[in-house]
Amino acid sequence: MSRELQTPASTLRRKLSQEGQSYQAIKDNLRRDLAINYLSGSSRSIEDIAISLGFADPSAFHRAFKKWTGNSPGEHRRTLSALE
Numbered sequence: 001m002s003r004e005l006q007t008p009a010s011t012l013r014r015k016l017s018q019e020g021q022s023y024q025a026i027k028d029n030l031r032r033d034l035a036i037n038y039l040s041g042s043s044r045s046i047e048d049i050a051i052s053l054g055f056a057d058p059s060a061f062h063r064a065f066k067k068w069t070g071n072s073p074g075e076h077r078r079t080l081s082a083l084e
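Residue 84 is where the sequence shown ends in UniProt numbering, and the numbering goes up by one at each step.
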């Protein structure tokens, strides 16, 4: 990311810290938002979503999603289906 912004990594970390952010937090928030969007708006498999979000395996995605939302990806999808 720092290379794309043509900024040294230390400068990027410092500026993010000054804003009360971290690269990891931004990455996690983006992954969470994309995961929710993919689960809500498509019939893609959970494994496919996990891979497209850069998770090494679906179980890592399941753990992260549950940490972010309190529900597993499957529970989230079933809840949305029940509301429709």
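Heads up, the beta-carbon is just placed ideally off N, CA and C, and yes, glycines get one too.
Give me the Cα-Cα distance between I36 and A25, rounded to the nearest whole angstrom. 16 angstroms
Can you find the residues in the same chain that come closer than 7 angstroms, C-beta to C-beta, to H62, ignoring five residues on each side of it along the sequence? S72, P73
Tell whether a beta-carbon distance below 8 angstroms holds between L39 and I49. yes
Assuming P73 is part of the alpha helix (DSSP H), what are its boundary residues? 73-83
Look up L53 in the DSSP assignment and say whether it is helix, strand or coil. coil
Any heavy atom of the ligand MN closer than 7 angstroms to the CB of K15? The model depicted lacks the ligand MN and carries no ligand whatsoever.
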